[in-house]
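**Student:**
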Amino acid sequence: MNEELLRFLGGRRTAALEGAELWLISAQELLQAQREAMELAENAPETAGLCFNACLLARAARKNGVRIFRDGTDVLNRLPAERIGFWAEKYLALCAEENPPCCAESGSRLRELLADEPYERLKWKVLSRFGVLPSEQRAKEMTDGDFLYCVVQMTLDEQEKLDRLCPACRAEAEKQRCPVCGADHFEENAGFDENRFEELKHADIC
36 MNEELLRFLG
46 GRRTAALEGA
56 ELWLISAQEL
66 LQAQREAMEL
76 AENAPETAGL
86 CFNACLLARA
96 ARKNGVRIFR
106 DGTDVLNRLP
116 AERIGFWAEK
126 YLALCAEENP
136 PCCAESGSRL
146 RELLADEPYE
156 RLKWKVLSRF
166 GVLPSEQRAK
176 EMTDGDFLYC
186 VVQMTLDEQE
196 KLDRLCPACR
206 AEAEKQRCPV
216 CGADHFEENA
226 GFDENRFEEL
236 KHADIC
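Counting from 36, one number per residue, gives the positions in the sequence shown under the numbering used here.
Below you can see the structure in the form of C-alpha cells.
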C-alpha cells in the first residue's frame with residue numbers, strides 16, 4: 036500500500052528517533068502528563084511548556100517497547116532543553132500523521148490516493164454493505180481472504196439477480212444510467228453538428 040495512504044489510514048503508530056522510538060500515547064496517559072507537568076511547574080509557571088514536553092516524552096519515548104524514562108523529572112535530568120523540544124516536535128508530527136486534519140485539502144489528497152488503490156475501494160464496499168466502520172474490532176480482525184470471500188459472494192449475488200431476468204430486462208438492467216433521472220449514462224458532445232457529419236460522411240471523408 037502507498038506509504039502516504041498508510042499514514043492517512045492510521046497504519047503507523049510509532050516513529051524511529053535516535054536509536055529509540057516515539058509511541059502514540061493514550062488519552063489517559065496524556066492527562067497524566069498534564070497533571071505531572073502542572074506539579075513540576077507549580078513554582079515556575081514560565082517552565083510549563085518545557086515540563087509538559089518532558090512529561091509527554093516520558094510516556095512516549097521507548098526502546099524495544101519499554102519506556103526509557105521513569106517520569107518527567109527523569110527526562111529533565113537526562114536531556115537538554117533543546118533535545119526535549121526537538122523530540123516533542125517529532126511526537127506532534129507523528130500525531131498529525133495518525134490523525135490528519137479533517138479539511139478540504141486532506142480530503143482532496145485522500146481521494147487521489149484512494150483512486151489508485153482499488154483494493155481499498157473493494158474493502159470499503161464490503162464494510163459499507165454490512166455497516167461496519169474500519170475502526171471497529173471486527174473490521175480489524177478481517178483478513179485479505181475474508182474481504183476477498185465477501186467481494187466474490189457479493190459479485191455472485193448480483194450475477195444471480197441478472198440471471199433471473201429475461202434477455203430484454205437484463206439488457207436494460209446492465210445499462211449505465213443516471214442515478215437521479217434514470218437516463219442512459221453517456222457523454223454528449225455539445226459541439227457535435229449532425230448535419231455537417233452527414234455531409235462529410237457522404238463525401239467519403241468519414
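Cβ atoms here follow ideal geometry from the backbone N, Cα and C, with glycine treated the same way.
Quick check on arginine 102: does DSSP put it in helix, strand or coil?
**Tutor:** Strand at arginine 102.
**Student:** Where does cysteine 201 land, buried or exposed, given buried means 16+ other C-beta within 10 angstroms?
**Tutor:** That one is exposed.
**Student:** What does DSSP give as the partner residues of glutamate 56 in its beta bridges?
**Tutor:** Its beta-bridge partners are Ala51 and Arg97.
**Student:** Taking phenylalanine 104 as the reference, give the member of Glu147, Ala174 and Ala68 with the closest Cα.
**Tutor:** Among Glu147, Ala174 and Ala68, the Cα nearest to that of phenylalanine 104 belongs to Ala68.
**Student:** Please say whether lysine 125 and leucine 52 have beta carbons closer to each other than 8 Å?
**Tutor:** Against a cut-off of 8 Å, the Cβ pair of lysine 125 and leucine 52 comes out as a contact.
**Student:** My guess is that glycine 107 and alanine 150 are in contact by the Cβ rule of under 8 Å, so how many angstroms apart are they, rounded?
**Tutor:** Not a contact, Cβ separation roughly 45 Å.
**Student:** Going by C-alpha distance, which of Lys210, Cys216 and Arg118 is nearest leucine 197?
**Tutor:** Checked all of Lys210, Cys216 and Arg118; the closest Cα to leucine 197 is Lys210.
**Student:** I need the straight-line Cα distance from alanine 79 to glutamate 64, nearest angstrom please.
**Tutor:** One C-alpha to the other measures close to 23 Å.
**Student:** Output the boundary residues of the alpha helix (DSSP H) element that contains asparagine 78.
**Tutor:** Neither: asparagine 78 is in no alpha helix (DSSP H) and is coded neither H nor E.
**Student:** Sort out for me which residues DSSP pairs arginine 70 with in a bridge.
**Tutor:** Answer is none; arginine 70 lacks a bridge partner.
**Student:** Going by the beta-carbon positions, is the gap between cysteine 130 and leucine 59 smaller than 8 Å?
**Tutor:** Yes, the Cβ-Cβ distance between cysteine 130 and leucine 59 is below 8 Å.
**Student:** Output the residue ranges of the alpha helix (DSSP H) runs that lie fully inside the segment 143–216 and measure 4 residues or longer, sorted by chain position.
**Tutor:** DSSP runs (the alpha helix (DSSP H)) wholly in the segment 143–216: 153–164, 172–175, 179–198 and 202–208.
**Student:** How close, in whole Å, do the beta carbons of valine 161 and valine 186 come, if the pair is a contact with beta carbons under 8 Å?
**Tutor:** Contact flag correct, Cβ pair sits at about 6 Å.
**Student:** Applying the 10 Å Cβ sphere with the 16-neighbour rule, what's the burial state of cysteine 213?
**Tutor:** Label assigned to cysteine 213: exposed.
**Student:** Nearest by alpha-carbon distance to phenylalanine 121: which of Leu191, Leu57 and Arg205 is it?
**Tutor:** Comparing Cα-Cα distances from phenylalanine 121 to each of Leu191, Leu57 and Arg205, the minimum goes to Leu57.
**Student:** Comparing alpha-carbon positions, which option in Glu152, Leu111 and Leu91 lies nearest arginine 70?
**Tutor:** Ranking the options by Cα distance to arginine 70, first place goes to Leu91.
**Student:** Following the continuous alpha helix (DSSP H) through aspartate 109, name the residue where it begins and the one where it ends.
**Tutor:** Its alpha helix (DSSP H) spans residues 107–113.
**Student:** Please state if the CB of aspartate 109 and the CB of alanine 93 are separated by a distance shorter than 8 Å.
**Tutor:** A contact, by the Cβ cut-off of 8 Å.
**Student:** Thinking C-alpha only, which one of Phe165, Thr190, Leu191 and Lys158 is nearest threonine 178?
**Tutor:** Checking every option, the nearest Cα to that of threonine 178 belongs to Lys158.
**Student:** Measuring CB to CB, does alanine 128 end up less than 8 Å from alanine 96?
**Tutor:** No, they are not a contact pair.
**Student:** Taking all protein chains shown into account, decide if cysteine 86 is buried (16 or more other Cβ within 10 angstroms of its Cβ) or exposed.
**Tutor:** Cysteine 86 comes out buried.
**Student:** Quick one, are the C-beta atoms of arginine 156 and methionine 189 less than 8 Å apart?
**Tutor:** Their beta carbons are not under 8 Å apart, which means arginine 156 does not touch methionine 189 by this criterion.
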